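Visitor: Got a structure here, written out as structure tokens. Questions coming.
There are 2 protein chains.
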Amino acid sequence: MERRDIFKAALVGTLLCASPLAAQDDKIAIGVAIPSATHGFMGGLNFHAQEAIERLEETYPQLEFVLATAGDAGKMVNDIEDMVATRGIEALVVLPFESEPLTSPVQAVAEQGIWVTVVDRGLSVPGIEDLYVAGDNPGFGRVAGEYFAENLEEGDNIVVLRGIPTTLDNERVEAFQAAIDGSGINVLDMQHGNWNRDDAFNVMQDFLSKYDDIDAVWASDDDMAIGVMEAIAQAGREDEMWIVGGAGMKEIIKRIMDGDPMLPVNVTYPPAQIATAIELTALGMVSDTPVSGRFIIGSQIITPENAENFYFPDSPF
Amino acid sequence: MERRDIFKAALVGTLLCASPLAAQDDKIAIGVAIPSATHGFMGGLNFHAQEAIERLEETYPQLEFVLATAGDAGKMVNDIEDMVATRGIEALVVLPFESEPLTSPVQAVAEQGIWVTVVDRGLSVPGIEDLYVAGDNPGFGRVAGEYFAENLEEGDNIVVLRGIPTTLDNERVEAFQAAIDGSGINVLDMQHGNWNRDDAFNVMQDFLSKYDDIDAVWASDDDMAIGVMEAIAQAGREDEMWIVGGAGMKEIIKRIMDGDPMLPVNVTYPPAQIATAIELTALGMVSDTPVSGRFIIGSQIITPENAENFYFPDSPF
Numbered sequence: 001m002e003r004r005d006i007f008k009a010a011l012v013g014t015l016l017c018a019s020p021l022a023a024q025d026d027k028i029a030i031g032v033a034i035p036s037a038t039h040g041f042m043g044g045l046n047f048h049a050q051e052a053i054e055r056l057e058e059t060y061p062q063l064e065f066v067l068a069t070a071g072d073a074g075k076m077v078n079d080i081e082d083m084v085a086t087r088g089i090e091a092l093v094v095l096p097f098e099s100e101p102l103t104s105p106v107q108a109v110a111e112q113g114i115w116v117t118v119v120d121r122g123l124s125v126p127g128i129e130d131l132y133v134a135g136d137n138p139g140f141g142r143v144a145g146e147y148f149a150e151n152l153e154e155g156d157n158i159v160v161l162r163g164i165p166t167t168l169d170n171e172r173v174e175a176f177q178a179a180i181d182g183s184g185i186n187v188l189d190m191q192h193g194n195w196n197r198d199d200a201f202n203v204m205q206d207f208l209s210k211y212d213d214i215d216a217v218w219a220s221d222d223d224m225a226i227g228v229m230e231a232i233a234q235a236g237r238e239d240e241m242w243i244v245g246g247a248g249m250k251e252i253i254k255r256i257m258d259g260d261p262m263l264p265v266n267v268t269y270p271p272a273q274i275a276t277a278i279e280l281t282a283l284g285m286v287s288d289t290p291v292s293g294r295f296i297i298g299s300q301i302i303t304p305e306n307a308e309n310f311y312f313p314d315s316p317f
Numbered sequence: 001m002e003r004r005d006i007f008k009a010a011l012v013g014t015l016l017c018a019s020p021l022a023a024q025d026d027k028i029a030i031g032v033a034i035p036s037a038t039h040g041f042m043g044g045l046n047f048h049a050q051e052a053i054e055r056l057e058e059t060y061p062q063l064e065f066v067l068a069t070a071g072d073a074g075k076m077v078n079d080i081e082d083m084v085a086t087r088g089i090e091a092l093v094v095l096p097f098e099s100e101p102l103t104s105p106v107q108a109v110a111e112q113g114i115w116v117t118v119v120d121r122g123l124s125v126p127g128i129e130d131l132y133v134a135g136d137n138p139g140f141g142r143v144a145g146e147y148f149a150e151n152l153e154e155g156d157n158i159v160v161l162r163g164i165p166t167t168l169d170n171e172r173v174e175a176f177q178a179a180i181d182g183s184g185i186n187v188l189d190m191q192h193g194n195w196n197r198d199d200a201f202n203v204m205q206d207f208l209s210k211y212d213d214i215d216a217v218w219a220s221d222d223d224m225a226i227g228v229m230e231a232i233a234q235a236g237r238e239d240e241m242w243i244v245g246g247a248g249m250k251e252i253i254k255r256i257m258d259g260d261p262m263l264p265v266n267v268t269y270p271p272a273q274i275a276t277a278i279e280l281t282a283l284g285m286v287s288d289t290p291v292s293g294r295f296i297i298g299s300q301i302i303t304p305e306n307a308e309n310f311y312f313p314d315s316p317f
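As structure tokens, then:
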């Protein structure tokens, strides 16, 4: 952690005018700025951030954390400026609310010599952060595609729901297509359900009215999987097809644990990646272990056999 | 850590016939298999592995570590089989002595449900390991190249020493060349010094006899930098050129700290990456934090200003 000593020096300066709070000031402060728990995935992310902070404050008493959640980019920028100005953070872990408006403020933090860890969504300018932690989007599509290729026969039919049109969604879908290439599976249709339950419901209703023979659905997201299952239930076609969502929503994981034939497996894209980012940042503060670089967290398949290890009943997601 | 519960179950079985050593058996054992400290970099790697293990045994009393060092691939295979058979490891951290002979044995370990972390050198078959931790070879070349581009003038002359002919060396050199592209720097010559002090000495002697005007040397490795400096000293041309090595050997870092004009900077390729791998593996054993995936540790530039943070006087490297 090459930047720590700068702050030790700054701290020594502070202590010349030590207040009764000086003991408090001896701690290394780490700021964590994340979006509010507005929807399922972010709810899980907030849960895992808090859990990691609790665990770390117990493990490393020399650390303290400043957690701020924001419902918009402006609030997040203010949170970060406040962490630097009034809390003297030596490291920042940030999941940018949006890339563009957060780039300059986070760059300004890095230029002050503060360690910066960016999670999930990159900044608009490369090279600002010391550490980048994110999920594996091509892996997310590939792992799902491999399951389809292994568990369907040549000539079987599937439909696919895509997310919001983004590079991220393209990466996932291209890797899925590459993984089923040569398997003889027919992709009847692909439409954008925008990672949204209601949109996915509408897309799936349309698919069901158009196609008599569907063997499986790649819903590619658990919120979309919920919408898809609702459409299938309304059409009374639950026995015809299975569905693979993604990201490990606890209701879905529970059904996999219980052996639901409609939901044989899931693929991880863990909101707990925020915990990985906070842990690595903390490790860099308490040791010489190298933690700069790029950590892409693998997408793993969740089956009835291992589902228990991905089930967090206390998390909102 | 999805595989832990399998082992918890195995442990419960063991406890039915509990011995006075049962308390000991409650610990989660992590095996660490690395090459012996035969040369500088591996010496540093051994040092940082031991340091990480000491720190982790203190931080997490529920963990215990089995460290084995091997001077050849056969010994490493035996070490790993022994860790599984007699020590009941639940995770393995391995820096393969060679890729080919270690691939099947490590695959067999993974197939038993034991967590596998591979460090630095990959296995011959992709997808065996749960976590891969390695340095950034293109980054190593790029960061060095950027320094040359920023600190030399158009028309300045450099020579380059390459490592053993490998993909790894190609990645470094190609990234270096891309970074100096358009700078107007002349690369007079490039020869393989094979990451070896004596070979580098001979290559540099040859360069010095051929070229009257050399402004800088990319030695691309600290062992080679030592050989290069010896050749320059014997030719009495110390005042003409500066040298950039790489990997952060402590003697070189000390000279950067002291402001040696021949050694203005260095580029990291940290032997301490073994500590990162051991720490992440341990974290997966004690928490639900996702630690599977691929962590590429960034190559950073070491300057007189930050050199102190990369200086490990107790390490042999």
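Taken in sequence, the protein lines are chains A and B. Numbering follows my numbering, with no gaps: position 316 of the first sequence is 316. Numbering follows my numbering, with no gaps: position 267 of the second sequence is 267. The C-beta atom is built at its ideal place from N, Cα and C for all residues, glycine as well. Since the model is a prediction, treat every value here as computed from it, not as a measurement.
Which stretch, first to last residue, makes up the beta strand (DSSP E) that contains N157 (chain A)?
Guide: Counting along the chain, the beta strand (DSSP E) containing N157 (chain A) begins and ends at 157–162.
Visitor: Report all residues from its chain with a CB closer than 7 Å to the CB of Q205 (chain A); omit the five preceding and five following residues, and keep chain order.
Guide: Counting only Cβ-Cβ distances below 7 Å, and skipping sequence neighbours, we find A231.
Visitor: Pull up the distance between the alpha-carbon of A247 (chain A) and that of Q112 (chain A), whole angstroms please.
Guide: Spanning the two alpha carbons is a distance of roughly 36 Å.
Visitor: Measuring only between beta-carbons, confirm whether T289 (chain B) sits less than 9 Å from chain A.
Guide: At least one chain A Cβ lies under 9 Å of T289 (chain B).
Visitor: How long is the line joining the alpha carbons of I256 (chain B) and P96 (chain A), rounded to whole angstroms?
Guide: I256 (chain B) and P96 (chain A): Cα-Cα distance of roughly 37 Å.
Visitor: Compare the C-beta of E279 (chain B) against all C-beta atoms of chain D and say whether one is closer than 9 Å.
Guide: The chain inventory of the structure shown lacks chain D, comprising the protein chains A and B.
Visitor: Verify the CB distance criterion: does L21 (chain B) have a CB-CB separation below 9 Å to chain A?
Guide: Low local confidence applies: a pLDDT of 41 at L21 (chain B) is under 50, so the model's placement there is unreliable, and no value is given.
Visitor: Can you grab the Cα-Cα spacing for the pair F65 (chain A) / A144 (chain A), in whole Å?
Guide: Approximately 37 Å between the Cα atoms of the pair.
Visitor: From L67 (chain A) to S183 (chain B), what does the alpha carbon distance come to, in whole angstroms?
Guide: Going from the Cα of L67 (chain A) to the Cα of S183 (chain B) covers about 45 Å.
Visitor: May I ask which residues mark the beginning and end of the beta strand (DSSP E) holding M190 (chain B)?
Guide: Where M190 (chain B) is concerned, the enclosing beta strand (DSSP E) stretches over 186–192.
Visitor: Which residue's Cα is closest to the Cα of S287 (chain A): B:A29, B:S36, B:E54, B:P35?
Guide: Closest by alpha carbon: B:E54.
Visitor: Checking the sheet assignment: what are the DSSP bridge partners for R294 (chain A)?
Guide: Partner(s): A:Y132, B:I296.
Visitor: If V265 (chain B) sits next to W218 (chain B), beta carbons under 8 Å apart, how far is it from one beta carbon to the other, in whole angstroms?
Guide: V265 (chain B) to W218 (chain B), Cβ: 11 Å. No contact.
Visitor: At which residues does the alpha helix (DSSP H) containing P101 (chain B) begin and terminate?
Guide: Element bounds for P101 (chain B): 99–111.
Visitor: Any beta carbon from chain B within less than 9 Å of R319 (chain A)'s own beta carbon?
Guide: This structure does not reach residue 319 (chain A), given that chain A is present from 1 up to 317, and the question cannot be answered.
Visitor: So is L63 (chain B) buried or exposed if we call it buried at 16+ other beta carbons inside 10 Å?
Guide: Result: buried.
Visitor: Go through the region 56–85 of chain B residue by residue and report every complete run of the alpha helix (DSSP H) that reaches 4 residues or more, in order.
Guide: For the region 56–85 of chain B, not a single whole alpha helix (DSSP H) run of length 4 or above is found.
Visitor: For A52 (chain B), return the contacting residues in chain A, with the cut-off set at a CB-CB distance below 9 Å.
Guide: By Cβ distance, chain A contributes S287, T289.
Visitor: Beta-carbon within less than 6 Å of T289 (chain B)'s beta-carbon, same chain only, minus the 5 sequence neighbours each way: which residues are those?
Guide: The residues are L283.
Visitor: Output yes if chain A places a C-beta closer than 9 Å to the C-beta of T268 (chain B); else output no.
Guide: Taking Cβ atoms only, chain A reaches closer than 9 Å to T268 (chain B), which makes this a yes.
Visitor: Taking S315 (chain A) as the reference, give the member of A:H48, A:D258, A:A29 with the closest Cα.
Guide: Out of A:H48, A:D258, A:A29, A:H48 has the C-alpha closest to the C-alpha of S315 (chain A).
Visitor: Output, in chain order, the set of chain A residues within a Cβ distance shorter than 7 Å of D136 (chain B).
Guide: Residues of chain A passing the Cβ test: G293.
Visitor: Per DSSP, T117 (chain B) forms a beta bridge with which residues?
Guide: DSSP lists B:V93, B:L131 as partners of T117 (chain B).
Visitor: From A:P271, A:P313, A:Q273, A:V267, pick the residue whose C-alpha is nearest to that of F140 (chain A); which is it?
Guide: Nearest of A:P271, A:P313, A:Q273, A:V267 to F140 (chain A), Cα basis: A:V267.
Visitor: Starting from P35 (chain B), follow its DSSP beta bridges and name the residues at the other end.
Guide: P35 (chain B) is bridged to B:A70.
Visitor: Just the C-alpha distance for A200 (chain B) and I297 (chain B), rounded to the nearest angstrom, thanks.
Guide: The straight-line gap from Cα to Cα measures roughly 27 Å.
Visitor: Do we get a CB-CB distance below 9 Å when we pair Y60 (chain A) with the residues of chain B?
Guide: At least one chain B Cβ lies under 9 Å of Y60 (chain A).
Visitor: Give me the residue from B:A33, B:G259, B:F310, B:D222 with the minimum Cα distance to M76 (chain B).
Guide: Per the Cα distances, B:A33.
Visitor: Since L263 (chain A) meets chain B, which of its residues come closer than 8 Å, beta carbon to beta carbon?
Guide: Per Cβ cutoff of 8 Å: no residues; L263 (chain A) is ~18 Å from chain B at best.
Visitor: Would you list, in chain order, the members of the region 156–183 of chain A that have their beta-carbon closer than 8 Å to a beta-carbon of chain B?
Guide: Per Cβ criterion, the list is empty.
Visitor: How long is the line joining the alpha carbons of S99 (chain B) and P271 (chain B), rounded to whole angstroms?
Guide: When rounded, the distance between both Cα atoms is 18 Å.
Visitor: Going by CA-CA distance only, name the one from B:D181, B:E305, B:I226, B:D212 that's closest to D198 (chain B).
Guide: Nearest option by C-alpha distance: B:I226.
Visitor: What is the residue span of the beta strand (DSSP E) that A179 (chain B) lies within?
Guide: Taken as a continuous stretch (DSSP letters only), A179 (chain B) belongs to no beta strand (DSSP E), being part of the alpha helix (DSSP H) at 167–180.
Visitor: Roughly how many angstroms separate the alpha carbons of G43 (chain B) and K250 (chain B), rounded to a whole number?
Guide: Straight-line Cα distance between these residues: approximately 12 Å.
Visitor: Could you list which residues in chain A have their beta carbon closer than 7 Å to that of L283 (chain B), in chain order?
Guide: Those within 7 Å of L283 (chain B) in chain A are E279.
Visitor: In three-state DSSP terms, what is V125 (chain B)?
Guide: Reduced to three states, the DSSP call for V125 (chain B) is coil.
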